[in-house]
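S.K.:
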Amino acid sequence: MKNIAVIGSGTMGNGIAHVFAQNDYKVNLIDINSEALERALATISKNLDRQVKKEKIDEAKKTATLGNITTYTNLEEGVKAVDLVVEAATENIDIKLKIFQDIDKYAPENCILASNTSSISITKIAAVTKRPEKVIGMHFMNPVPVMKLVEVINGYSTSKETTEAVLKASKKVGKVPTSVNDYPGFVANRILLPMINEAIYALFESVGGVEEIDTVMKLGMAHPMGPLQLADFIGLDVCLSILRVMHDGLGNPKYAPCPLLVNMVEAGHLGAKSGVGFYDYS
Ligand code: CAA
Numbered sequence: 042m043k044n045i046a047v048i049g050s051g052t053m054g055n056g057i058a059h060v061f062a063q064n065d066y067k068v069n070l071i072d073i074n075s076e077a078l079e080r081a082l083a084t085i086s087k088n089l090d091r092q093v094k095k096e097k098i099d100e101a102k103k104t105a106t107l108g109n110i111t112t113y114t115n116l117e118e119g120v121k122a123v124d125l126v127v128e129a130a131t132e133n134i135d136i137k138l139k140i141f142q143d144i145d146k147y148a149p150e151n152c153i154l155a156s157n158t159s160s161i162s163i164t165k166i167a168a169v170t171k172r173p174e175k176v177i178g179m180h181f182m183n184p185v186p187v188m189k190l191v192e193v194i195n196g197y198s199t200s201k202e203t204t205e206a207v208l209k210a211s212k213k214v215g216k217v218p219t220s221v222n223d224y225p226g227f228v229a230n231r232i233l234l235p236m237i238n239e240a241i242y243a244l245f246e247s248v249g250g251v252e253e254i255d256t257v258m259k260l261g262m263a264h265p266m267g268p269l270q271l272a273d274f275i276g277l278d279v280c281l282s283i284l285r286v287m288h289d290g291l292g293n294p295k296y297a298p299c300p301l302l303v304n305m306v307e308a309g310h311l312g313a314k315s316g317v318g319f320y321d322y323s
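So that you can map any letter, position 239 of the sequence shown is 280 in my numbering, and since no number is skipped, the others follow by simple counting.
1) What three-state label does DSSP hand G312 in the structure shown?
2) Let me check you understand the geometry: is the CB of V187 closer than 7 Å to at least one non-hydrogen atom of the ligand CAA?
3) Kindly give me the distance between the Cβ atoms of P268 and M236, rounded to whole angstroms, as I take these residues to be in contact under 8 Å.
4) So is the beta-carbon of N238 under 7 Å away from any non-hydrogen atom of the ligand CAA?
5) Below 8 Å on the Cβ atoms is my guess for P298 versus L281; work out the distance and round it to an integer in Å.
6) List in chain order: all unbroken beta strand (DSSP E) runs of 3+ residues lying wholly within the stretch 107 to 149.
7) Which complete beta strand (DSSP E) runs does the stretch 51 to 99 hold, if anything under 3 residues is left out?
8) Nearest-angstrom Cα distance between S220 and H264?
9) Classify E202 as helix, strand or coil using the three-state DSSP reduction.
10) Which residue or residues does DSSP assign as beta-bridge partners of G178?
11) Please state whether DSSP places I161 in a helix, a strand or coil.
12) Beta carbon of R91: closer than 7 Å to some heavy atom of the ligand CAA?
13) Taking just the CA atoms, how far does R91 sit from L234?
14) Give a single yes or no on whether P265 has its beta carbon closer than 7 Å to a heavy atom of the ligand CAA.
15) V303 and S160 - do their beta-carbons sit closer together than 8 Å?
16) By DSSP's criteria, S220 is part of a beta bridge. Which residues make up the other side?
17) Just the Cα atoms here: how many angstroms apart are T52 and V248?
18) Within the same chain, show all residues whose beta-carbon is closer than 7 Å to that of V228, passing over the 5 residues directly before and after it, in chain order.
19) Can you tell which of L208, V214, A168, N74 has its C-alpha closest to the C-alpha of Y197?
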């Protein structure tokens, strides 16, 4: 594998493009919005500057990394000659299914199609393509340049060859991949989201305040962020949507989202990206 396409240039997409480009892959970064592509390149450049400042890379490596990225607004052009596509578009099932139908049409026959979805079934995505054995999940964690894990998710039809190729590519970009199977929430969110939901319940039931709950988990359990700050960082709408997928898909009341989370999302308090969540970012 040498040539990669990344679809979607938001936080996850630009992070994924960053790590592949930094590890000598040619990356086609694709987004329907050309301004979003410009913003993504600016973000990658800023994040590379952090690495230069910390002397983790030099200026020449920064220039080479940016030189490995080409931007496209045309999906067909961007995927027509790549070995791996990593889709990191918005977390909406209809949009993702349409993108996979299109990339299946335009990408080379032997190309692997991966999704960075945090909650949508890989099996369902694979079923809209003519190559379900080559469809897989590559769930990167935010911030992508920093977090070591790639949760590799095998759909019902994913072949062993596809899994092996994706595990190898993940290691080549300095990540530690773990291979898991496709059930709602996979492993990362199946364990993380109930913890976040429980922290929101603890707040809802006045067991503790925001800072108290986060301090207990940060200092008591050595988590880098408390669960409420982490929920703000992930996006409260994203947290709610993942809990709903698990609640619907696993049918267990323990995954029911806390009513406070539902209210906050309905009020537009989505966390850091909206300026307010459990904390104020204005
Ligand atoms: N690009 C490159 N480097 C970055 C970066 C970025 N976007 N963001 C931070 N860094 C680097 C910093 O330069 C710094 O580097 P050094 O260690 O060399 O000094 C390091 O990361 C730590 O950053 P900071 O000092 O600025 O801040 P911090 O110590 O508070 O750490 C954090 C920030 C890494 C985000 C840390 O708080 C953390 O690990 N938080 C938890 C993150 C987490 O749990 N992510 C998973 C979310 S769940 C998910 O993504 C999946 C899902 O489906 C919901």
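Idealized CB from N, CA, C, for every residue including glycine.
M.R.: Straight from the coordinates:
1) Locating residue 312 in the sequence shown gives position 271, where the first residue counts as 1. Look at G312 here: in three-state DSSP terms it is strand.
2) For the purposes of this step, residue 187 is identified with residue 146 of the sequence shown, where counting begins at 1. Within the cutoff, so yes.
3) By one-based count along the sequence shown, residue 268 stands at place 227. By one-based count along the sequence shown, residue 236 stands at place 195. A Cβ-Cβ distance of about 6 Å is found for the pair P268 and M236, placing them in contact under the 8 Å criterion.
4) Start at 1 with the first residue of the sequence shown, and residue 238 comes out as number 197. Flag unset: Cβ of N238 not near the ligand CAA.
5) As a working mapping, residue 298 is identified with position 257 in the sequence shown. As a working mapping, residue 281 is identified with position 240 in the sequence shown. A Cβ-Cβ separation of about 5 Å places P298 in contact with L281 under the 8 Å criterion.
6) Counting whole runs of 3 or more residues, the stretch 107 to 149 contains the beta strand (DSSP E) stretches 110 to 113, 125 to 128.
7) List check, beta strand (DSSP E) in window: 67 to 71.
8) The residue you call residue 220 lines up with position 179 of the sequence shown. The residue you call residue 264 lines up with position 223 of the sequence shown. Between the alpha carbons of S220 and H264 lies a distance of about 24 Å.
9) Here the question's residue 202 lines up with position 161 in the sequence shown. In the structure shown, E202 falls within a helical segment according to DSSP collapsed to helix, strand and coil.
10) Counting from 1 along the sequence shown, the entry for residue 178 is found at position 137. DSSP, once it has assigned bridges, lists S156, I194 as partnering G178.
11) In the sequence shown, counting from the first residue as 1, residue 161 sits at position 120. Look at I161 here: in three-state DSSP terms it is coil, with no helix or strand label.
12) Start at 1 with the first residue of the sequence shown, and residue 91 comes out as number 50. Set against 7 Å, the gap from the CB of R91 to the closest heavy atom of the ligand CAA is smaller.
13) Mapped onto the sequence shown, residue 234 falls at position 193. Mapped onto the sequence shown, residue 91 falls at position 50. Spanning the two alpha carbons is a distance of roughly 30 Å.
14) As a working note, residue 265 is residue 224 in the sequence shown. Yes, Cβ of P265 sits closer than 7 Å to a heavy atom of the ligand CAA.
15) Your numbering for residue 160 matches position 119 in the sequence shown. Your numbering for residue 303 matches position 262 in the sequence shown. Not closer than 8 Å, so no.
16) The count along the sequence shown starts at 1 and reaches residue 220 at position 179. S220 is bridged to V193.
17) On the sequence shown, residue 52 is found 11 positions in, with the first residue counted as 1. On the sequence shown, residue 248 is found 207 positions in, with the first residue counted as 1. Roughly 33 Å separates the two Cα atoms.
18) Translated into positions along the sequence shown, residue 228 becomes position 187. Answer for V228: E192, V221, listed in chain order.
19) Position 156 of the sequence shown, counted from the first residue, corresponds to residue 197. The candidate whose alpha carbon is nearest that of Y197 is A168.
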